Amino acid sequence: MHNSLRVPLGALAAAVVLAVVTGLTVMARVGGDPALTELQIGATAWSLALGLFGLQGIVSVVVEGRQLAPSTIQPHLSNWVSAAITVLSVVLFGLAGGTGLAIVSGQPTALIGSAAGAGCLVLGLLLLFYKEAFVGHEAHLEPRYDGVPW
Numbered sequence: 002m003h004n005s006l007r008v009p010l011g012a013l014a015a016a017v018v019l020a021v022v023t024g025l026t027v028m029a030r031v032g033g034d035p036a037l038t039e040l041q042i043g044a045t046a047w048s049l050a051l052g053l054f055g056l057q058g059i060v061s062v063v064v065e066g067r068q069l070a071p072s073t074i075q076p077h078l079s080n081w082v083s084a085a086i087t088v089l090s091v092v093l094f095g096l097a098g099g100t101g102l103a104i105v106s107g108q109p110t111a112l113i114g115s116a117a118g119a120g121c122l123v124l125g126l127l128l129l130f131y132k133e134a135f136v137g138h139e140a141h142l143e144p145r146y147d148g149v150p151w
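Residues in the sequence shown are numbered consecutively from 2, following our numbering.
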């Protein structure tokens, strides 16, 4: 199997376009303030989903390579994975502190939610890199001999 960058990069580009268009409509106050319209909510959801798909695909190509083969992949901790885990841990700690400070100081709900959402995304990336470094992949593909012809 071939692991290509075209689909993840296309998804990431579509996510950026949707995010920019949605941001522009929010800044133009389309649909009223502060509520979002159904289209803005849908575009935001699609932008997040496509962005996560694109990031996951890019990480897959970088970590697993271009040529895929079904097998068991051992955990591999490299220097750049260690650096990514360290940087993401510091960013997550900063976002957690910033979110707590925003809650205590009575900041707007949008700021608190944005900080918490960014923290969730950073936590997801941190867990992805942790899994690649310490857990690896398990794919047990053994031939079946149960008499079924396929």
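Ideal Cβ positions, reconstructed from N, Cα and C, are used throughout, including at glycine. Since this is a predicted model, take the numbers as computed values, not measurements.
I believe residue i touches residue j by the beta-carbon criterion, under 8 Å. Please report the beta-carbon distance rounded to the nearest angstrom.
i      : j     : result
Val123 : Val92 : 5 Å
Pro9   : Phe54 : 7 Å
Asn4   : Leu69 : 5 Å
Leu127 : Ile86 : 7 Å
Ile135 : Leu89 : At residue 135 the sequence reads Phe, which differs from the Ile that was named. Wrong, their Cβ atoms sit about 14 Å apart, outside the cutoff.
Gly58  : Ala12 : 7 Å
Counting only the same chain and skipping the five closest in sequence on each side, list residues whose C-beta sits under 7 Å from that of residue i.
i      : result
Thr26  : Gln41
Ala117 : Thr100
Leu152 : The structure shown does not extend to residue 152, since the chain is modelled only from 2 through 151, so no value can be given for it.
Leu102 : none
Ile157 : This structure does not reach residue 157, given that the chain is present from 2 up to 151, and the question cannot be answered.
Ala119 : Leu96
Ser48  : Ala16, Leu19, Ala20 and Thr23
Helix, strand or coil, according to DSSP, for residue i in the structure here?
i      : result
Gln75  : coil
Ala46  : helix
Gly107 : coil
Gly32  : coil
Tyr131 : helix
Looking only at DSSP bridge pairs, what is residue i linked to?
i     : result
Gln41 : DSSP output for Gln41 lists no bridge partner at all.
Gln68 : His3
Can you give me the Cβ contacts of residue i inside the same chain, cut-off strictly under 6 Å, excluding the 5 residues immediately before and after it?
i      : result
Ala15  : Leu51
Ala44  : Leu19 and Thr23
Cys121 : none
Val62  : Asn4 and Leu6
Indicate, with yes or no, if the ligand FAD has a heavy atom lying under 6 Å from the CB of residue i.
i      : result
Gln108 : Inclusion of the ligand FAD in the displayed structure is not the case, the ligand content being empty and no account of it being possible.
Excluding the 5 residues flanking residue i on each side, which residues of the same chain have their C-beta closer than 8 Å to its C-beta?
i     : result
Arg67 : His3, Asn4 and Ser5
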